[in-house]
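The working numbering puts the first residue of the sequence shown at 1, with every later residue one more than the last. Before any comments, here is the structure.
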Amino acid sequence: MRPRHRSLLASLALTCALQTTSCKQEEPASAGPTEPAVPGEPGTPTEGPTTPRTAPPDEGPLPELRTGAAEPERLPQAEAELLAHVQDGAHYYELRLPQAWQDADTVVRVHVQSPARGVAVLDRLGGETKVLLRVPLASGDTAATIEGTAFVFADRAEGDRWLALPFTTKGPAEDPADAELPRRWTQAFSDELRGDTRPWQLRIPSHPWREFAAGRVWVATTGGSTGGGVTLGMPARPRRTELSELMHTTTAATSMQEALQHDRGLRLGFDPGPSTVALSELVPPSLEEHPWATMTAALPDPEAGTPEPLAAAAPADFWYLRFDDIRTLLEVLDEADAWVTPVAHIMEERAEVRDLAARYQAQLGLRRSGLAKTLGHTVVERVAIVGSDPYLREGSDLTFVFELSNQTVFDTELGRHMADYRSEVPGIVESSFTHGAHTVTVQRDPTGRVRQHRATVGDLAVVSNSPGAIRAVLDAIDGKRRRLADEPDLAYMLARDPGAHGGFGFLSDRFIAQVVSPRQKVMAARRQRALAELLTPGYAALLYGWLEGQVPADTEALIAAGLLDRSELRHADGEAITFEPGTAARSAWGSPAALTPLIDLEAPVMVSEEERRAYETFTRSYQDYWRQFIDPVAIRLDLEEEGGAAEAVIDVRVLPLISGTDYGELEEIVGTQRIEVPTIDDGLQLVWAVGADSDLRRDIDRSARMFGGSEDIGLGWLGDWVVLGTLDRRSLVEMIALVDDDIQLPAPSQDGRRRDLELAQHAGRLPVYAAAHVRNPTALITTLTAIRATVNQVAPGMVEWGEHSRHRDHAIVRVGVDPKAPGEAAEYAEAIALYYVQAGDALVLALDPKVLETVIDRVLDGGAPKRGVDGGPQFVMEARLAEGRASYTAAAWALQGQANRSQGSARAAAEILLRGDPGITSADGLVARGLAYFGTYPVSASGRSDFTLGPHGAGDPVHGTEIAPAYPELPVENSPIEALMSRLTGVRASVAFDHEPAKMEPPARSLHTQFRVHLGGDD
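Right under this line is the structure:
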């Protein structure tokens, strides 16, 4: 297969662009050791490029994981006691299970196979474990015999395991007239939906549907009022549906919907009150623009910026992303589907996805297949994508601006794409409207799946999914609207970092101001409430399927069952909602999978008093972070290809540095110090500059002296940098194989003492290391001497501290447990120790002396960091991967462990859908129903949706179920993780905090990050 490096660059860049919102020192002096504990004489680091180093040793085959499937231990069949049977709209049964498990064990799940359509829940009131079963009347089964299996979680000292207790029951009920049984079943079902009955280790991940169903089943089954809902065993939770919650963020949509669905399930209305406040009275954050003219004039060359021609077609308050080669852009989606987006979901622990690429591709009427080959750079000179808001997941406008060199071929190809959509999507109708001097052609189906808007202006072709957005773009082209090309912040950012780049993205002052404006925040909050209303019919249909064992015939069946109120087929604003079971609810607000872009919704003139207060709360919070200025974000990307490999360079500059973030904490470490870091050839390394003005340096000095009890302990010896890293060695994989049970079958039981010793032995072989620049060797000797004295005073006779060996005439010192130490401590003398050396002007530490020797070579041969120059980085992270090596395997295993940890959420969502719609028989059906009812669909740890439902709950063929998990060989074939590992050979990231050239009060700073991604070709 041909290499596809260019598409990798673009996909990484698109991900970054769409997710971004957002004194002279003493020279080292030489000093020899004064006692065996002090390192040898320092050497002098070599200037210049990194010298060749020895390849990692061949350590033989890597350890393997414990693969296979785990099945629950099957207990002998038992007979359960039937305690009660009541008919009240359904058959309700109460069973007592014989306790065939230990007191500390917990029954977690009951599967009833006969009657097949029953819903069994657990009731533990009174200290007994009982099964409460509801069977719908329509099933025609009075359950003369009840057969099922109880699954028990056994939390044992020797390790957790699952037990399966099959049971059957016969005979008449002891108490056939228990009138409270339906209410008790409802209570238990609500508790189970929320996961309140499970051990803490097995908590069911929260989900908006579970919040809805727990409340709605109470109302529908018991006829309880909203007040009655408070009597449930659910915790009384505060109303989290205030508009201030909905305005704060775009990243907490799921938790917001959980709160909204909690209230909707109980039919608790939400009324923000009458609209009595003019929107114009809401005051946005009082943040200023930078004095761009002054700042630009202070640059070395204010005219150095490379022009962005397509920025003349972008509204000033839209985000902007431009590619010079359309082939790069179109291949973005292929790579994003293969690994970029799925791996991003893994890192976010996101078990439900939206398939945004397919959604927006259909809306725009564009296809990938053949387009790059047909068009390419001979038809399209360059392309830009613009949008008015950041809510891509929920629903946003996307507009493509193509600069054409052959319009005829372009029009022909897009015509083929639309013909393909017409064969798949019924009801696509062509229409047009006029805007200014332009005719906009519209292709749209009734559901809005396709909503293409096209116009041509000279050599520009504009394709959008939004009438409001295409009007804004056309106005920008005509000069009737402020254009990004004319904005001073863009001019500054282009001139500040001059040069031509294959791709460029920009978030302007005006875009960020628009995102936090009263109009957009109020509309985004209202749209979230509308989404909750759109979700309600589909949620009700799924609950019907759970209770009745079949899908509802129509909407009237949901209303008759009390699971949906007729009033819930309208929004709070009176807008109608259309819904039929099996399809998505739709309204002017859109559908769960694709809400109407904010730009296409009518802006409110008046808002409620509660909305005003909510916006004021938001602005106060926003200003706590962005204290003075609104500032832009610029993203540049390039590709350097050589032979069969490539290097993608993604450069991001953000103004200003936001307060209260991890970046602020990093700046406290690095201060104003700069570093120069040679590249590494294996492993992982992180390097921090350490400024003389660093807050961290002062804090550590104070803490060390306080707890060490000596004024000699501190960091007065520390110079310009510190390093943490690991070499590419087998012991990395050995440790993961020992401790990570998320990716393999549990290890055989082992007594705690032996386990601890084994852990120490493996830890002692880890190839981790640390290093620090030594500014004052005398101060280092004093500090080490003071630490040694303190250790001997605190733990006399326990620690051995002395020279271990020498490497390149440098003394390696060992600090570890004394073999003659009393008690069990002596066992650890050979297991783990710390080794250190002063090599050159660096103090190096490691757990393995062989690792230390390798790092010594790196330092003495010119591979150590050194003081950098202005404009250089202040933090550098670099990793190198090679297939078959330990780091490669460790990375693949770590990613899979991350993916596996989100499987509880994926399985829970899949079970909601599969139990709610028994007609789902394929992955495609599950995806379709998920998008219709949730706006998302679940994916497994291998990026698939082929879930099935069985006695153990929902599972997939590769990873099994919660009760019977499966552990395949890693990486899983055709998984996103395998795709990533086949592409990535290295990455280097750097961070710097730069002062801007103009003199300002307070001084302007920017955050500058750069990513260099080393890519390998496809085999």
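We put the beta carbon where it would ideally sit given N, CA and C, even for glycine. No experiment lies behind these values; they were computed from the predicted model shown.
(message) Let me make sure I understand the geometry here. Which of ASP155, GLY148, ASP178, GLU180 has the alpha-carbon closest to that of LEU165?
(response) Counted from its first residue, the sequence shown places residue 165 at position 165. The shortest C-alpha separation from LEU165 is found at GLY148.
(message) Closer than 8 Å is the cut-off here; do at least three beta carbon pairs connect the segment 546-553 with the segment 131-138?
(response) yes
(request) Count the other CB atoms, across all protein chains shown, that sit within 10 Å of the CB of PHE433; report buried if there are 16 or more and exposed otherwise. (result) On the sequence shown, position 433 is the one that residue 433 refers to. Classification of PHE433: exposed, given that the 10 Å Cβ count is below 16.
(request) Taking only runs that begin and end inside the segment 959-983, name each unbroken alpha helix (DSSP H) of 4 or more residues, in chain order. (result) 976-983
(request) Could you tell me if ARG697 is buried or exposed, where buried requires 16 or more neighbouring beta carbons within 10 angstroms of its beta carbon? (result) In the sequence shown, the residue the question calls residue 697 occupies position 697. So ARG697 ends up on the buried side.
(request) Please state whether DSSP places LYS999 in a helix, a strand or coil. (result) The residue given as residue 999 occupies position 999 in the sequence shown. In the structure shown, LYS999 sits in coil (DSSP, three-state: anything other than H, G, I, E or B).
(request) Starting from GLU800, follow its DSSP beta bridges and name the residues at the other end. (result) Start at 1 with the first residue of the sequence shown, and residue 800 comes out as number 800. GLY816, per the DSSP bridge assignment.
(request) Report the three-state DSSP secondary structure of ARG240 (helix, strand or coil). (result) Reading the sequence shown from its first residue, position 240 is the one you call residue 240. The predicted position of ARG240 is uncertain, since its pLDDT is 42 and thus under 50; a value taken from the coordinates is nonetheless stated next. Three-state DSSP puts ARG240 in coil, outside helix and strand.
(message) Tell me the residue span of the alpha helix (DSSP H) that contains HIS762.
(response) On the sequence shown, residue 762 is found 762 positions in, with the first residue counted as 1. Unbroken alpha helix (DSSP H) run through HIS762: 752-764.
(request) Kindly provide the ranges of any beta strand (DSSP E) runs that are 3 or more residues long and lie completely inside the segment 260-311, ordered along the chain. (result) 275-278
(request) Kindly indicate the opening and closing residues of the beta strand (DSSP E) around THR948. (result) Within the sequence shown, the letter at position 948 stands for residue 948. Segment 948-950, the beta strand (DSSP E) holding THR948.
(request) Look at GLY538 and GLY395 and say whether their C-beta atoms are less than 8 Å apart. (result) For the purposes of this step, residue 538 is identified with residue 538 of the sequence shown, where counting begins at 1. For the purposes of this step, residue 395 is identified with residue 395 of the sequence shown, where counting begins at 1. No, they are not a contact pair.
(message) Among VAL794, PRO822, SER887, PRO302, whose alpha-carbon lies nearest the alpha-carbon of ASP682?
(response) Mapped onto the sequence shown, residue 682 falls at position 682. Ranking the options by Cα distance to ASP682, first place goes to SER887.
(message) Would TRP717 and LEU507 qualify as a contact pair, given that the criterion is a beta-carbon distance under 8 Å?
(response) Numbered from its first residue, the sequence shown carries residue 717 at position 717. Numbered from its first residue, the sequence shown carries residue 507 at position 507. No.
(request) In the DSSP assignment, find the beta strand (DSSP E) that holds TYR93 and state where it starts and stops. (result) Stepping through the sequence shown from its first residue, residue 93 is reached at position 93. Segment 90-96, the beta strand (DSSP E) holding TYR93.
(request) Hey, could you find the ends of the alpha helix (DSSP H) HIS345 is sitting in? (result) In the sequence shown, the residue the question calls residue 345 occupies position 345. That run of the alpha helix (DSSP H) goes 341-347.
(request) For TRP688, count neighbouring Cβ atoms within 10 angstroms of its own Cβ and tell me buried if that reaches 16, exposed if not. (result) Along the sequence shown, read from residue 1 onward, the residue named residue 688 stands at position 688. Counting C-beta atoms within 10 angstroms of its own C-beta, TRP688 has 16 or more neighbours from the protein chains shown and is therefore classed as buried.
(message) For GLU676 and ASP720, I'd like the C-alpha separation in whole angstroms.
(response) By 1-based counting over the sequence shown, the position of residue 676 is 676. By 1-based counting over the sequence shown, the position of residue 720 is 720. GLU676 and ASP720: Cα-Cα distance of roughly 10 Å.
(request) Would you kindly work out how many angstroms separate the C-alpha atoms of LEU569 and GLY448, rounded to a whole number? (result) If you number the sequence shown from 1, residue 569 lands on position 569. If you number the sequence shown from 1, residue 448 lands on position 448. Looking at the two C-alpha atoms, the distance is approximately 19 Å.
(request) Could you pull out every residue in the same chain whose Cβ sits closer than 7 Å to the Cβ of TRP185, ignoring the five residues on either side in sequence? (result) If you number the sequence shown from 1, residue 185 lands on position 185. So the list reads TYR92, VAL121, LEU132, ARG134, once near-sequence residues are dropped.
(message) Taking a contact to mean a Cβ-Cβ separation below 8 Å, would you say PRO272 touches GLU611 in this structure?
(response) As a first step, residue 272 is located in the sequence shown; it is residue number 272 there, counting from the start. As a first step, residue 611 is located in the sequence shown; it is residue number 611 there, counting from the start. It is a contact, given that the beta carbons lie within the stated cut-off.
(request) Could you check what DSSP says for PRO235 in three-state terms: helix, strand or coil? (result) Sequence index remark: in the sequence shown, residue 235 carries index 235 (1-based). Interpretation of PRO235 is limited by its pLDDT of 40, a score under 50 that renders its predicted location unreliable; no figure is taken from the coordinates.
(request) Under 6 Å Cβ to Cβ from PRO1003, same chain only, skipping five residues before and after it: list those, please. (result) Here the question's residue 1003 lines up with position 1003 in the sequence shown. Contacts found: HIS995.
(request) Note down the Cα distance separating THR34 from ALA846, rounded to an integer number of angstroms. (result) Translated into the one-based positions of the sequence shown, residue 34 becomes position 34. Translated into the one-based positions of the sequence shown, residue 846 becomes position 846. With a pLDDT of only 33 at THR34, under 50, the local geometry of the prediction cannot be trusted, and no value is derived from it.
(request) Using the Cα positions of GLU878 and VAL855, report the straight-line distance between them to the nearest angstrom. (result) Mapped onto the sequence shown, residue 878 falls at position 878. Mapped onto the sequence shown, residue 855 falls at position 855. Roughly 15 Å separates the two Cα atoms.
(message) The beta strand (DSSP E) that contains SER190, what's its start and end?
(response) Residue mapping note: residue 190 aligns to position 190 of the sequence shown, counting from 1. For SER190, no beta strand (DSSP E) encloses it; the enclosing alpha helix (DSSP H) starts and ends at 181-193.
(request) Answer yes or no: do ASN465 and LEU364 have a C-beta to C-beta separation smaller than 8 Å? (result) If you number the sequence shown from 1, residue 465 lands on position 465. If you number the sequence shown from 1, residue 364 lands on position 364. Yes, they are a contact pair.
(message) Measuring alpha carbon to alpha carbon, tell me which residue in VAL768, ASP301, TRP546, GLY872 is nearest GLY118.
(response) What you label residue 118 is simply residue 118 of the sequence shown in a count that begins at 1. Nearest of VAL768, ASP301, TRP546, GLY872 to GLY118, Cα basis: TRP546.
(message) Tell me the DSSP secondary structure of TRP200 in three-state form.
(response) By one-based count along the sequence shown, residue 200 stands at place 200. If DSSP states are grouped into helix, strand and coil, TRP200 belongs with the helices.
(message) Beta-carbon within less than 6 Å of ALA910's beta-carbon, same chain only, minus the 5 sequence neighbours each way: which residues are those?
(response) As a position in the sequence shown, residue 910 is number 910, starting the count at 1. Within the same chain, ALA910 has close Cβ partners PRO938, PHE947, ALA954.
(request) Please name the residue in SER975, VAL401, ARG702 whose C-alpha comes closest to that of VAL340. (result) Along the sequence shown, read from residue 1 onward, the residue named residue 340 stands at position 340. Cα-wise, what sits closest to VAL340 is SER975.
(message) Given a cut-off of 8 Å on the beta-carbon distance, is the pair LEU732 and LEU780 in contact?
(response) By one-based count along the sequence shown, residue 732 stands at place 732. By one-based count along the sequence shown, residue 780 stands at place 780. No, the Cβ-Cβ distance between LEU732 and LEU780 is not below 8 Å.
(request) Could you check the C-alpha separation between ILE577 and GLY872 for me, to the nearest Å? (result) Looking up residue 577 in the sequence shown gives position 577. Looking up residue 872 in the sequence shown gives position 872. Straight-line Cα distance between these residues: approximately 57 Å.
(message) Just to check my reading of the structure: ASP638 and GLY752 have Cβ atoms closer than 8 Å, yes? What is that Cβ distance to the nearest angstrom?
(response) The residue given as residue 638 occupies position 638 in the sequence shown. The residue given as residue 752 occupies position 752 in the sequence shown. The Cβ separation is near 54 Å, so there is no contact.
(request) For the beta strand (DSSP E) holding TYR835, just list the boundary residues, first then last. (result) The count along the sequence shown starts at 1 and reaches residue 835 at position 835. Run containing TYR835: 833-839, per the beta strand (DSSP E) assignment.
(request) Express the C-alpha separation of LEU490 and VAL633 in angstroms, rounding to a whole number. (result) If you number the sequence shown from 1, residue 633 lands on position 633. If you number the sequence shown from 1, residue 490 lands on position 490. Answer to the nearest angstrom: the Cα atoms are 9 Å apart.
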